[in-house]
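Take a look at the structure set out below.
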Amino acid sequence: MKGLYFSVLLLTLSGCQTMDAMQEDISDLSNSLFSSEDMSEESQDAFLKAQEAFYEADNVRKKHAQLNAQERSLWVELEDDYNILLAAPSKATEKESYFSDSTLADSVMMQSLKFIELVEKGE
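Positions 1 to 123 (our numbering) are the ones given, in order, by the sequence shown.
In structure tokens form, the structure reads like this:
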């Protein structure tokens, strides 16, 4: 089942021409995942909050064409974690790892906040 969602995600993303189109496709995909997957309300809320935080960080990134190495590195990490979250939104409230107290959604939100603060501090 996860393989199917990941395949759909890759096919959806590969056909995108712009970042805005990709965000619309991702929103459509997440909506279809919610309707077909039995998710707890808590997981859905965590996923939506993480998605909103990621979009805010992405808007900041779009406004600042020149990112320094630290900002680019943080963005890549954030984008990777967000893509993992997209592949399995029902796991948004599960622990990120055995050694961490934060969830995947928490991680995406914290990284988004760090990225926004880092970019705005560099202005």
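Every residue gets a Cβ at the ideal spot worked out from N, C-alpha and C, and that includes glycine.
The structure displayed is predicted, hence computed values, not measured ones.
Own chain, CB closer than 6 Å to residue i, minus 5 neighbours either side, in chain order
i: LEU113; result: none
i: TYR82; result: PHE54, VAL108
i: VAL76; result: none
i: GLY122; result: none
i: PHE6; result: With a pLDDT of 49 at PHE6, under the threshold of 50, the modelled position of this residue cannot be trusted, and the question is left open.
N- and C-terminal bounds of the alpha helix (DSSP H) containing residue i
i: ALA105; result: 104 to 121
i: ALA92; result: Run containing ALA92: none; DSSP gives neither H nor E here.
i: ALA50; result: 41 to 63
Close Cβ partners of residue i (< 7 Å) along its chain, the five nearest in sequence each way excluded
i: ALA92; result: SER43, ALA46, PHE47, ALA50, LEU85, THR103, LEU104, ALA105
i: MET1; result: For MET1, the pLDDT reaches just 45, beneath the cut-off of 50, and the residue's location in the model is therefore unreliable, although a value from the coordinates is still provided. None.
i: LEU4; result: In this prediction, LEU4 has a pLDDT of 46, which is less than 50 and means its spatial position is unreliable; nothing more can be read from the coordinates.
Beta-carbon separation (whole angstroms), residue i vs residue j, contact threshold 8 Å
i: LEU67; j: GLN111; result: The pair is not a contact, with the Cβ atoms about 14 Å apart (cut-off 8 Å).
i: PHE115; j: GLU52; result: At roughly 14 Å, the Cβ-Cβ gap does not stay under 8 Å, so PHE115 and GLU52 are not in contact.
Nonlocal neighbours in the same chain, by C-beta distance under 8 Å from residue i, ignoring five residues either side
i: VAL119; result: VAL60, ARG61, HIS64, LEU67, GLU71
i: SER40; result: SER90, THR93
Within the chosen definition, does the stretch 55 to 65 reach the stretch 92 to 105 through at least 3 CB pairs nearer than 8 Å? no
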